[in-house]
Amino acid sequence: MSHLHLPDGVFPSWLWISGLLLTMALWFLLFRIRPKEDFARRLPLLGMMAAVMILGASVEIVPIAYHVNLTVISGILLGPSLVFLATFLVNIILALFGHGGITVIGLNTLILSLEGILGYLFFHLLWRIFRRLKLAVFLATLLALFSSTMAMIAVVGLGASHYEEMIHGHSEEGLFDFKLLKGKEGPPAKAHGKEEVHLARFVAIVLPLGFVGWVLEGVITVLITNYLHRLRPDLLGLEP
Amino acid sequence: MTQLSFLDYLAVEGKSPLHRLSPGLKVTAVGGVLLGVVTLKTPPMLFVLYLILVALFFVARIPLKVFLLTFYPLIFAVLFLFISSFRLSFVVLLFLKVLCGSTAVVLLLTTTSYPCVFQILGKVLPSLLVTALFLTYRSIFILLSVLEETQHALYLRGGFCWNHPWRSLNNVSNAFGHLIIKGMDASEKMVEAMRIRGFDHRIRREGD
């Protein structure tokens, strides 16, 4: 729920290109700092966890097209650097499956990996404080999903001026616009454009919908972690 | 999720002229469509692009139920409408952009198998990333078979039904937990098998 399956063509080019470049830069950085042998050894694990996340994303739970991301549990199991790589793979495959835009793979990866990385950090911090597995996992999931939803809202907010252009249907710098009537147009719509981009309304819709999703994902992550703790506690890497 | 294996089946078994086109050409064409989606700013031109894509969908003889998949991203695009004042021009522009993108991608995937797409991507992306994509793709099918086996156990425990939400959530979560454990075990076995076969950080295809 935190990533909005951001579609192609909605965001300004500078935004999605920056997202792609930043994601590729992080990929190269992580690839450089990890020994190649270690990375190659962990590739099958990376592939498996990415596949689990893809399966999670394909199971719709309620009629609002909600699906679990399983990013927090993946973050806990894989660690911060590998979960970033896993979310990149997940977003590429989901985009090819029609779940989201191809151009926004970078932005979606940054938002989703933030969720996984924060989930990992919050979980270990809360575990140290409370020493109660269910509480630590639930709060970590809730906080991580809240943070990534806010990041998504911030990304949507960055494109505000672009939406004004889209809403008014004309742009001075457009490559394919017909400008035969230029000069005979009425008062520029952009002058009152700011009144027509309702980011607050968007936030008011996304946050309550998101909250339902955060709680649902939190409960499912707690139940999965509980299952793993019963059968393979070593996977969670908990400090004694 | 069976949709993924069905898409793969359509891509491999399809015999239409579009299936016979070179994967490189199709990936380039999708790139062209995406360029159009990003740069076109008027609904009429996007509508023409969409009509061409829909015509190609039927030329490729892809089942109608797959065509419905292309509407899936509209659910999320609806949320973007709250940003505008529900202006008709914005609604049409947004929906056409979303539909053009999703139709092009689903068309590519139903006429070209994933490994072929990954092979093309391998020409521009790092080999380890492409290897990771191949392994993820393979893992999806391994986990799907695990999930099929688990379905019987889930069914015996009450499966998923709205009358018992807690039990349903428990069952779904246990299924995912089971999937993770099985996946991790399978990945360890895969590492061993790949080492024995002389894996050198990239997957080679016939002819490499």
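Taken in order, these protein sequences are the chains called X and W. For the first sequence, our numbering begins at 1 and goes up steadily by one. For the second sequence, our numbering begins at 1001 and goes up steadily by one. All C-beta atoms in this analysis are idealised placements derived from N, C-alpha and C, irrespective of residue type, glycine included.
Closer than 8 Å to chain C by CB, residue i
i: W/Phe1067; result: In the structure shown, chain C does not exist; the protein chains are X and W.
First through last residue of the alpha helix (DSSP H) which encompasses residue i
i: X/Val215; result: 199-231
i: W/Cys1116; result: 1114-1121
i: X/Leu77; result: 71-78
Residue i, DSSP secondary structure in three states
i: X/Lys194; result: Residue placement at X/Lys194 is poorly supported in this model, since its pLDDT is 49, which falls under 50; the coordinates are not used for a value here.
i: X/Glu165; result: helix
i: X/Glu242; result: Here chain X comprises residues numbered 1 to 240, so residue 242 of chain X is not present and cannot be evaluated.
i: W/Lys1189; result: helix
i: W/Phe1141; result: helix
i: W/His1178; result: helix
i: X/Ile17; result: helix
i: X/Glu60; result: strand
i: W/His1152; result: helix
i: X/Leu180; result: Per-residue confidence for X/Leu180 stands at a pLDDT of 42, beneath the threshold of 50, marking its modelled position as unreliable; the derived number appears in the next sentence. Three-state DSSP puts X/Leu180 in coil, outside helix and strand.
i: W/Ser1016; result: coil
i: X/Glu173; result: Only weak support exists for where X/Glu173 lies, its pLDDT of 45 falling under 50; the value from the coordinates is given anyway. If DSSP states are grouped into helix, strand and coil, X/Glu173 belongs with coil.
Short Cβ contact (8 Å threshold) for residue i with residue j
i: X/Gly9; j: W/Val1038; result: yes
i: X/Glu217; j: X/Thr141; result: yes
i: W/Leu1107; j: W/Ala1055; result: no
i: X/Thr23; j: X/Phe88; result: yes
i: W/Phe1160; j: X/Ile224; result: no
i: W/Leu1128; j: X/Phe28; result: no
i: X/Ile111; j: X/Ala151; result: yes
i: X/Val72; j: X/Thr221; result: yes
i: W/Leu1049; j: W/Val1033; result: yes
i: X/Ser113; j: X/Val68; result: no
i: X/His198; j: W/Ile1083; result: yes
i: X/Met53; j: W/Ala1186; result: no
i: X/Gly79; j: X/Tyr120; result: yes
i: W/Met1184; j: X/Leu235; result: yes
i: W/Thr1103; j: W/Thr1150; result: no
i: X/Val104; j: X/Trp16; result: yes
i: X/Leu107; j: X/Leu6; result: yes
i: W/Phe1090; j: X/Met166; result: yes
Minimum C-alpha distance to residue i - residue among the options
i: W/Ser1005; options: W/Thr1150, W/Ile1142, W/Phe1199; result: W/Ile1142
i: W/Leu1074; options: W/Arg1087, W/Lys1097, W/Lys1065; result: W/Lys1097
i: W/His1178; options: X/Arg41, X/Ser13, X/Leu55, X/Leu6; result: X/Leu55
i: W/Ile1062; options: W/Gly1032, W/Leu1035, W/Val1012; result: W/Val1012
i: W/Arg1195; options: X/Ala40, X/Lys36, X/Leu26, X/Leu125; result: X/Ala40
i: W/Thr1136; options: X/Leu236, X/Leu46, X/Pro7, X/Thr103; result: X/Leu46
i: W/Ala1216; options: X/Ala50, X/Phe211, X/Val156; result: The displayed coordinates of chain W run from 1001 to 1208. Any statement about residue 1216 of chain W would go beyond what the structure contains.
i: X/Val219; options: W/Glu1192, W/Pro1165, W/Leu1064, W/Cys1100; result: W/Pro1165
i: X/Leu231; options: W/Phe1095, W/Asn1174, W/Phe1047, W/Leu1021; result: W/Asn1174
i: W/Val1092; options: W/Asn1163, W/Phe1047, W/Val1130; result: W/Phe1047
i: W/Gly1014; options: W/Leu1109, W/Met1045, W/Ile1140; result: W/Leu1109
i: W/Lys1182; options: X/Leu228, X/Phe123, X/Glu37, X/Arg128; result: X/Leu228
i: X/Val137; options: X/Thr103, X/Glu164, X/Val215; result: X/Val215
i: W/Leu1125; options: X/Leu20, X/Pro12, X/Pro233; result: X/Leu20
i: W/Phe1057; options: W/Leu1018, W/Glu1192, W/Val1117; result: W/Leu1018
i: X/Trp127; options: X/Pro12, X/Phe11, X/Leu238; result: X/Leu238
Exercise for the section: Return the chain-ordered ranges of every alpha helix (DSSP H) run that is complete within the segment 1047-1088 of chain W and spans a minimum of 4 residues. Expected result: If we require 4 residues or more, the alpha helix (DSSP H) runs fully inside the segment 1047-1088 of chain W come out as 1064-1067, 1074-1081.
Practice task
At 4 residues or longer, and completely inside the segment 1018-1049 of chain W: list those alpha helix (DSSP H) runs for me, N to C.
Solution key: Taken in chain order, the whole alpha helix (DSSP H) runs of length 4 or more contained in the segment 1018-1049 of chain W are 1023-1039.
Exercise for the section: Can you check the segment 83-164 of chain X for any alpha helix (DSSP H) of at least 4 residues that lies completely inside it and give the ranges in chain order? Expected result: Secondary structure remark: continuous alpha helix (DSSP H) runs of at least 4 residues inside the segment 83-164 of chain X, in chain order: 105-130, 133-158.
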